[in-house]
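Numbering (my numbering), first residue to last: 49 to 382.
Built from N, CA and C at the ideal position, the CB exists for glycine as well.
Comments concern the structure below.
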């Protein structure tokens, strides 16, 4: 009898293949491959805690640590790529032009080159070949084994804890525009969306509407974050340009960007109830999956084989303990 395909294998192989394909061009500094490579690191990091109980916990955890380091190494370069894209938009709209545009563009390019050199140093220390071998081994083991309830219980626990984290970050952010707190909402929304997408991809739940709602909120907060990052870079350049003829035009452009940030924040505040409804529905879906897969009280008494992963899940999604760390390392959500 042919063994059924493990539900985790297709999405895992797809993301592992994307990572391996994009990595060489990302190292070369290509913009889109770097973006796609970084996205694949996030999605693999979401998959690996589910794969651990089904394949090898040790290999999955080791690969996840290395993927986190790869993603963090690429993060600053990606942020500057996005800032350059936003600058292109502002230039087309005439918000920033002439010498102010040229100075800002050169400033961003110089920063990008510096960050790329740091990225290469970090990647050399990670040993991405070993990482790719670990990913291949996880895929091989998934292909050899029948699924158990363990992976779905981990999925359920992660969904419930991510939903709770989103609700807590929304409550902490409130209606005021405090950039770090709004950024934490964006990160929490992205993390919940990823686990919702996995639930849909593996057939554990119907999540298309929830994913769509999460994406719509994330688009608003993502644009706000991109503009906020660029405004900070503009401010840094303005501080060195006293007396220069392009100082005033660049400051005017920065104020324009800040106004758009506040407009976007207003759009987010108008959708806060939607976000809270999304959180409540996702939390209930997680509890339903847990019960259907034979779980006891969530998450008080997880089976031994998933306990280590649940502990990691719950620790990584406690917003009360980690908002400063999340805000300190910008993380664009795709």
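According to DSSP, is residue i helix, strand or coil?
i: residue 61; result: helix
i: residue 54; result: coil
i: residue 196; result: coil
i: residue 215; result: helix
i: residue 320; result: helix
i: residue 191; result: helix
i: residue 341; result: coil
i: residue 336; result: helix
i: residue 79; result: helix
i: residue 145; result: coil
i: residue 84; result: helix
For residue i, which option in the options has the closest C-alpha, if you only look at C-alpha atoms?
i: residue 134; options: 123, 149, 122, 121; result: 149
i: residue 386; options: 89, 245, 169, 294; result: The shown model of the chain, from 49 to 382, leaves out residue 386, and the question about it has no answer.
i: residue 214; options: 277, 97, 155, 232; result: 232
i: residue 123; options: 75, 110, 287; result: 75
i: residue 318; options: 268, 295, 302, 283; result: 268
i: residue 207; options: 236, 223, 185, 266; result: 236
i: residue 179; options: 111, 156, 70, 253; result: 111
i: residue 320; options: 121, 56, 234, 253; result: 234
i: residue 322; options: 310, 270, 260; result: 260
i: residue 436; options: 116, 145, 243, 93; result: A question about residue 436 goes unanswered here, because the residues of the chain that appear run from 49 up to 382.
i: residue 128; options: 298, 335, 71, 82; result: 82
i: residue 251; options: 204, 227, 156; result: 204
i: residue 309; options: 283, 219, 274, 332; result: 274
i: residue 79; options: 157, 257, 342, 300; result: 157
i: residue 202; options: 109, 226, 278, 101; result: 101
i: residue 55; options: 93, 99, 92; result: 99
i: residue 276; options: 325, 293, 324, 226; result: 226
i: residue 303; options: 282, 107, 97; result: 282
i: residue 279; options: 132, 340, 331; result: 132
i: residue 181; options: 324, 68, 336; result: 68
i: residue 294; options: 91, 107, 151, 164; result: 151
i: residue 95; options: 109, 138, 60, 194; result: 60
At the level of alpha carbons, what is the spacing between residue i and residue j?
i: residue 125; j: residue 312; result: 24 Å
i: residue 199; j: residue 147; result: 56 Å
i: residue 175; j: residue 192; result: 27 Å
i: residue 136; j: residue 263; result: 24 Å
i: residue 58; j: residue 249; result: 9 Å
i: residue 142; j: residue 272; result: 20 Å
i: residue 217; j: residue 229; result: 7 Å
i: residue 315; j: residue 329; result: 22 Å
i: residue 296; j: residue 119; result: 37 Å
i: residue 77; j: residue 62; result: 23 Å
i: residue 196; j: residue 186; result: 16 Å
i: residue 113; j: residue 85; result: 16 Å
i: residue 289; j: residue 239; result: 39 Å
i: residue 104; j: residue 189; result: 8 Å
i: residue 286; j: residue 298; result: 7 Å
i: residue 327; j: residue 210; result: 8 Å
i: residue 224; j: residue 87; result: 30 Å
i: residue 291; j: residue 140; result: 26 Å
i: residue 167; j: residue 71; result: 12 Å
i: residue 121; j: residue 265; result: 27 Å
i: residue 334; j: residue 245; result: 13 Å
i: residue 254; j: residue 247; result: 8 Å
i: residue 301; j: residue 145; result: 9 Å
i: residue 341; j: residue 183; result: 26 Å
i: residue 305; j: residue 154; result: 19 Å
i: residue 257; j: residue 241; result: 11 Å
i: residue 307; j: residue 270; result: 16 Å
i: residue 52; j: residue 324; result: 38 Å
i: residue 165; j: residue 219; result: 39 Å
i: residue 177; j: residue 222; result: 44 Å
i: residue 337; j: residue 331; result: 10 Å
i: residue 159; j: residue 284; result: 12 Å
i: residue 169; j: residue 130; result: 22 Å
i: residue 212; j: residue 243; result: 13 Å
With a cut-off of 7 Å, does the C-beta of residue i fall near any C-beta of chain B?
i: residue 141; result: Structure shown: chain B not included; a single protein chain is present.
Could you pull out every unbroken alpha helix (DSSP H) segment of at least 4 residues lying fully inside the region 101 to 141, listed in chain order? Uninterrupted alpha helix (DSSP H) stretches at least 4 residues long and entirely within the region 101 to 141 occur at 105 to 140, given in chain order.
Would you mind listing the alpha helix (DSSP H) stretches within the region 217 to 299 that are 4+ residues and don't spill past its ends, in chain order? When DSSP assignments are scanned along the region 217 to 299, the uninterrupted stretches of alpha helix (DSSP H) that are 4 or more residues long and fall wholly within it turn out to be 227 to 249, 256 to 286.
Mind listing, in chain order, the continuous alpha helix (DSSP H) runs of no fewer than 4 residues lying wholly within the region 145 to 184? Considered as a whole, the region 145 to 184 harbours 146 to 174 as its complete alpha helix (DSSP H) runs of no fewer than 4 residues, in chain order.
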